[in-house]
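**Student:**
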Amino acid sequence: MSTYLRKPEWLRIKLDTNANTAEVRRNLRSKGLHTVCEEAACPNLHECWSRHRTATFIILGDTCTRSCRFCAVKTGRPAPPEEDEPQRVAESVQQLEIAHAVITMVNRDDLPDGGASYLAATGKAINALLPEVTVEYLSSDMLGREKDIAVLVESQPEILGHNLETVRRLSPSVRSRSNYDRSLNFLRIARRIDSSILLKSSIMLGLGETMDEILETLQDIRNTGCNLVNIGQYLQPSRQHLPVQKYWRPAEFVEIMRAAQKMGFEHVEAGPMVRSSYHAGGQLNSLLQERRQKSAQKPQTKPAASHQPRSPRKGPKDSAPKPQATSPRRPAV
Ligand code: SF4
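Residue 36 in the numbering used here sits at position 52 of the sequence shown, and the numbers go up by one each step.
(1) According to the Cβ coordinates, are V86 and S261 closer than 8 Å?
(2) Look up A85 in the DSSP assignment and give the residues it is bridged to.
(3) Taking a contact to mean a Cβ-Cβ separation below 8 Å, would you say T201 touches R175 in this structure?
(4) Can you check which of these residues, V135, S139, G128 and L182, is closest to A109 by C-alpha distance?
(5) Rounded to whole angstroms, what's the CA-CA distance from T5 to I133? Just pull it up for me.
(6) Expressed to the nearest angstrom, what Euclidean distance is found between the alpha-carbon atoms of V252 and L168?
(7) Whose C-beta lies closer than 6 Å to the C-beta of R50 among residues of the same chain, with five residues either side of it excluded?
(8) Do the region 214 to 221 and the region 185 to 205 touch if we need at least three Cβ pairs shorter than 8 Å?
(9) Under 7 Å from any heavy atom of the ligand SF4, does the C-beta of V8 make it?
(10) When the Cα atoms are used, what is the spatial distance from G266 to H84?
(11) Just the Cα atoms here: how many angstroms apart are R153 and V238?
(12) Is D196 buried or exposed, if buried means 16 or more other CB atoms sit within 10 Å of its CB?
(13) What do you get for D204, buried or exposed, if any count of 16 or more other CB atoms within 10 angstroms of its CB means buried?
(14) Hey, does A280 have any beta-carbon neighbour from chain D nearer than 8 Å?
(15) Is the closest heavy atom of the ligand SF4 to the C-beta of A83 under 7 Å?
(16) Are the CB atoms of Y102 and P65 nearer to each other than 8 Å?
(17) Could you spell out the range, first to last residue, of the alpha helix (DSSP H) harbouring A187?
(18) Verify the contact flag: S261, CB atom, against every heavy atom of the ligand SF4, threshold strictly below 7 Å.
(19) Closer than 7 Å: is that where the CB of C210 sits relative to any heavy atom of the ligand SF4?
(20) Could you give the first and the last residue of the continuous alpha helix (DSSP H) run that contains T201?
(21) Would a C-beta distance cut-off of 8 Å place D178 and V135 closer than the cut-off?
(22) Based on DSSP bridge pairs, tell me the residues matched to H18.
(23) Is C52 close to the ligand FAD? I mean its beta-carbon at under 7 Å from any heavy atom of the ligand.
(24) Could you compute how far the alpha carbon of W33 sits from the alpha carbon of V258?
(25) From N2 to S76, what does the alpha carbon distance come to, in whole angstroms?
(26) Rounded to a whole number of angstroms, what is the C-alpha to C-alpha distance between R129 and P62?
(27) Over what stretch of residues does the beta strand (DSSP E) that includes G60 continue unbroken?
(28) Run through the region 206 to 292 for me and flag every whole beta strand (DSSP E) of 3 or more residues, listed as ranges in chain order.
(29) May I ask you to report which of helix, strand or coil DSSP gives L95?
(30) For K(-9), which of F249, A264 and Q229 has the nearest alpha-carbon?
(31) Apply the 10 Å Cβ neighbour rule to Y(-12) and answer buried if 16 or more other Cβ atoms are within range, or exposed otherwise.
(32) Which of the three DSSP states is assigned to L(-5) in this structure?
(33) Would you kindly report the start and end of the unbroken beta strand (DSSP E) that includes L168?
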């Protein structure tokens, strides 16, 4: 029988609701859109919506075809995709003045392409309406199909993310239909298709993993050529979900972050409240800033290694993300 662990002090959530929270909610309802912030009961909702007025859109409905034991998103038979959803997301990004749009999706194993075309269409709709806005996808594994992963890569998001979620040993009991090696392969395939795209992954801690397993997982992710990694604390969304086995301490997150940095990740976000999309725009900005600083210091002699991504991206977004101080838009967080 599992024991219920009391939440430690450092996971106390500050409920700072304000007019922004209401505005974000009103906007999403009026557009008939969903966010992972609400569907997955993210503990950062109050911070992201009220303080930063940003949200992470979840497309293709609010019903997932899988039933991972850590996830609060509901499982069932999803409704058919809505053709105009990409445009509605783009309009919402515009109205909320979001500078870095993070788009995720429910698993759609019922669709022949797993929903890749809809995710790509959403990125393109944002690009068309708001060329200065940067786009990040957090994708399902597309059942490992290269052609569907290619559709995502070729739509040129600034960041393409896919989460490992947990360590190899726990993966079968934590994730449904997803698997550790297929997730690593997703990242490898994306890297092979585009040597310069920014790739991101995330894991959550607290499901019973050991420090050695965490480090092995981070190294596996890094070996795919992944650039950014986020590491956060798992929180049990309800009694029906997997119980928390351990609350990792903030100091342990710092230790893990340092180890990941040594592995060569360009940006590591680690902490009890970190989620895949937490401060996502700020991560992109700081990564690009670090690159600019490094390239200013380095003599331009050697070609970049094959997995080193371009920076910044080509096309109309060459100037994005702009230094936020000069941007008329809200700062990406
Ligand atoms: S961390 Fe991401 S999912 Fe959570 S509230 Fe913020 S934007 Fe939404």
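Just so it is clear, CB atoms sit at the ideal spot from N, CA and C, and this is done for glycine as well.
**Tutor:** Reading from the atomic positions:
(1) yes
(2) V119
(3) no
(4) S139
(5) 34 Å
(6) 18 Å
(7) N91, S160 and R161
(8) yes
(9) The ligand SF4 never approaches V8 closely enough for any of its heavy atoms to be under 7 Å from the residue's Cβ.
(10) 9 Å
(11) Their backbone Cα atoms lie some 23 Å apart in a straight line.
(12) exposed
(13) buried
(14) Any reference to chain D falls outside this structure, which holds one protein chain only.
(15) Result no, Cβ not under 7 Å from the ligand SF4.
(16) yes
(17) The sequence given here places Ile at residue 187; Ala does not occur at that position. From DSSP, I187 is part of no alpha helix (DSSP H) but of the beta strand (DSSP E) over L182 to L189.
(18) yes
(19) no
(20) M195 to N207
(21) In this structure, V135 does not lie closer than 8 Å to D178 by Cβ.
(22) I42
(23) As presented, the structure is devoid of the ligand FAD, carrying the ligand SF4 as its sole ligands.
(24) 15 Å
(25) Cα to Cα, N2 sits roughly 19 Å from S76.
(26) 21 Å
(27) Per DSSP, G60 belongs to no beta strand (DSSP E) and is neither H nor E.
(28) 212 to 217 and 251 to 254
(29) coil
(30) Q229
(31) Y(-12) comes out exposed.
(32) In this structure, L(-5) counts as helix in the three-state DSSP scheme.
(33) Note, L168: premise wrong, no beta strand (DSSP E); alpha helix (DSSP H) at Y164 to I177.
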